[in-house]
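Chains as they are written, first to last, in this note's numbering: chain L, 1270 to 1644; chain W, 56 to 430.
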């Protein structure tokens, strides 16, 4: 990547220290903390509120930092631990900055790892808020010494929108530059539902983006169509659907008219589908069906002003739709150090931007993140 | 649009005559036919196997041919009927040819209307096969004297594989140029599942395309992500592409294309602009060591050699995307006379073709369909 371009990773991850929640949870919730424990086979397990996680299988934690590793290095084994397998830069702020330097990245916007697992299994709304607060205090502390390089983002849980709005205000005062939520809600209320307006209002007031990031999800939300879908190869491609659903509810409920300064960011679910989705949303809007949603303008008009999307750097199709959608809309992200994306993200990024105009390159490699997050 | 350009509608619909199943069902099943009746309020209702359809409410059957109409014209009403609301060209072969002439369309590939509704509610595999056979005999007759301009496509139901194979054989001998299946089946068996191999073998043997076309679906398959969107028509319209996307993907999950290297797969009425993302993401997932699919080549290889996708003509993102995927892969379709798309499809098509290089435009306009279906 030419050094004159500011390169920003829009969605990198850290591996939280295993004792984060024990240290950062309010005292009242300490006994109900998230814990990494070892089972009788010597495999690490994740525990929420005193119960073993059903979704994070024993021994799975060691694979979370497994970007670029082969399958036999990711299999559960007693000698492989979460901390022992954490790659350079995944758990230590100073190391992460060194990694950024080495890769010529100006900044990284940071998201959690354990933090995108627990919400699917914790139905206690009060405890969820406490887990979020603990992470948010920790990530602000983690980034504080390098606040121009490592960008902390708060985790909000929409189960209690009033509490989430209050927590957003606290977290942003503490240094967080935005917030993210899961693509599902524990209440099953769509993201755009008016009950969530206090959160959108707070994002507007604080002038920070509202992002949606994929997470582990309660079973049965998406994979009901066929038996055995949980294990079927390639269905990770459905990530686009998982994020399109919450995004679409912003239009269904007219959120962008109510909050014309709200900025929405779509993460880790591909980006080249955004043009398709604009076409599709507009198409529905332009028939009689459009009369059933409370929008002043075509959906694509809001997308071009209020929505950003972060792509995988190995998306070659993005170069072919960027002019149509608008170059200001796209980010790229490394997903470091997670194993579901490849390790050669900088080579991939180089290939991704190669067919693009200099203006588009500059926008997508970093400028758009700086603009959206006001960094 | 140049006057000499071949224009083919890859997915138009007919409205089946009300007495079609009475006339074309085998004697044994006649009493269990699909019927249009009136309820106590004088509203038309659809009946399958002696029971009123649950998914199409009384008095709304007249809306299925409602392309271009306003919301107030689509309200339930005893005065408006399926037949008296059927637009010109939707029920009569000669009228349809006149309509094609008027619009400058050379040929249309035809799909059913009521045939897209019943399968969600009819779980009797034997009866489903009989319903399919009746439609297939009728559509072959309907198109027979159209001078090759109306192209009949058989409807297959996947619950009884040997019966579906036999019916495909019969229907193709009777004039059908291919067949389609719904994006679901009541056994919840993925489309790519090896149990369907005899069907793929039959498609290959007969050298006709296998299509996946959206239909009404059992409500149990719907995403359980959100509650409260039951009546949100626009939301359901934009997300209606998911079933076909998932069914299509399972063909890759199970390695169908290696087993049947001459199989030709068509994705219908689900938009086309997602395919760039799909190619990129499936290829990326193919490289990730966890849960690799049994494919010899990257998924993109099979998409570029064995798959075709039918676009809505208002998909402006397609102009750029077809350069990435390849101009050979795309069709356009009117969806005439269905109410969920706009009436200005020729105008939209002209706009889309104008943004493409001449050779790519000619392929999209009709050459690809003509080539695939050997018209």
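C-beta atoms are modelled at their ideal positions from N, C-alpha and C, and glycine is treated no differently. Since this is a predicted model, take the numbers as computed values, not measurements.
Close to residue 372(W), with beta-carbon spacing below 8 Å, are these residues of chain L in chain order: 1544, 1545, 1547, 1548, 1590, 1593, 1594.
In this structure, the CA atom of residue 1295(L) is about 14 Å from the CA atom of residue 1436(L). Using beta-carbon distances, residue 305(W) counts as an interface residue toward chain L, with a partner under 8 Å. Using beta-carbon distances, residue 1506(L) counts as an interface residue toward chain W, with a partner under 8 Å. Following the DSSP letters along the chain, one finds residue 1521(L) in no beta strand (DSSP E) but inside the alpha helix (DSSP H) bounded by residues 1508-1521. Against chain L, the CB of residue 378(W) has a partner CB under 8 Å away; the residue lies at that interface. When the beta-carbon positions are compared, residue 319(W) and residue 357(W) stay at least 8 Å from each other. It is roughly 22 Å from the alpha-carbon of residue 1504(L) to the alpha-carbon of residue 1388(L).
The region 1623-1633 of chain L makes no contact with the region 406-421 of chain W; the number of CB pairs closer than 8 Å stays below 3. The residue from 361(W), 399(W), 411(W), 422(W) with its alpha-carbon nearest to that of residue 386(W) is 422(W). Setting aside the 5 residues that flank it on each side, residue 273(W) is surrounded in the same chain by 175, each with a C-beta closer than 6 Å to its C-beta; the list follows chain order.
In this structure, the beta-carbon distance from residue 1303(L) to residue 1380(L) does not fall below 8 Å. DSSP places residue 314(W) within a helical segment (H, G or I) once states are collapsed to three. In the same chain as residue 1430(L), and ignoring 5 residues on each side of it, the C-beta atoms closer than 6 Å to its own belong to 1464, 1465, 1467, 1468, in chain order. One thing to note: residue 1584(L) has its Cβ within 8 Å of the Cβ of residue 335(W).
DSSP places residue 1598(L) within a helical segment (H, G or I) once states are collapsed to three. Contact between the region 1347-1355 of chain L and the region 1363-1373 of chain L is absent: fewer than three C-beta pairs spanning the two stretches fall below 8 Å. Look at residue 118(W) here: in three-state DSSP terms it is helix. Residue 1307(L) and residue 1353(L) have their C-alpha atoms spaced approximately 14 Å apart. For residue 376(W), the enclosing alpha helix (DSSP H) has its first and last residue at 373-380.
Counting only unbroken stretches of 4 or more residues, the alpha helix (DSSP H) elements lying wholly within the region 1361-1442 of chain L are 1362-1372, 1394-1412, 1430-1442, in sequence order. Around the beta carbon of residue 1496(L), fewer than 16 other beta carbons sit within 10 angstroms, so the residue counts as exposed.
For the 8 Å CB-CB criterion, residue 1601(L) and residue 1582(L) form a contact. Taking each of 95(W), 403(W), 407(W), 65(W) in turn and checking the Cα distance to residue 206(W), the smallest one comes out for 65(W).
For residue 62(W), the secondary structure class from DSSP, reduced to helix, strand or coil, is coil. Against residue 1514(L), the close residues of chain W are 278, 280, 281, 294, in the order they occur along the chain (beta-carbon pairs closer than 8 Å). For the C-beta of residue 1577(L), not a single chain W residue is nearer than 7 Å; the gap to the nearest is close to 16 Å. For residue 1349(L), no Cβ of chain W is located within less than 8 Å of the residue's own Cβ.
Segment contact: the region 1535-1550 of chain L against the region 310-329 of chain W, three or more CB-CB distances shorter than 8 Å; contact assigned. Exposure of residue 59(W) is indicated by the presence of fewer than 16 other C-beta atoms within 10 angstroms of its C-beta. Using a CB distance cut-off of 8 Å, residue 332(W) counts as an interface residue toward chain L.
Per the C-alpha coordinates, the member of 132(W), 79(W), 405(W), 260(W) positioned closest to residue 192(W) is 79(W).
Against chain L, the CB of residue 340(W) has a partner CB under 8 Å away; the residue lies at that interface. Residue 217(W) sits away from residue 190(W), with the two beta carbons spaced by 8 Å or more. According to the DSSP assignment, residue 1278(L) belongs to the beta strand (DSSP E) that extends over 1277-1282. As DSSP reads the structure, residue 235(W) sits in a beta bridge with 210(W), 266(W).
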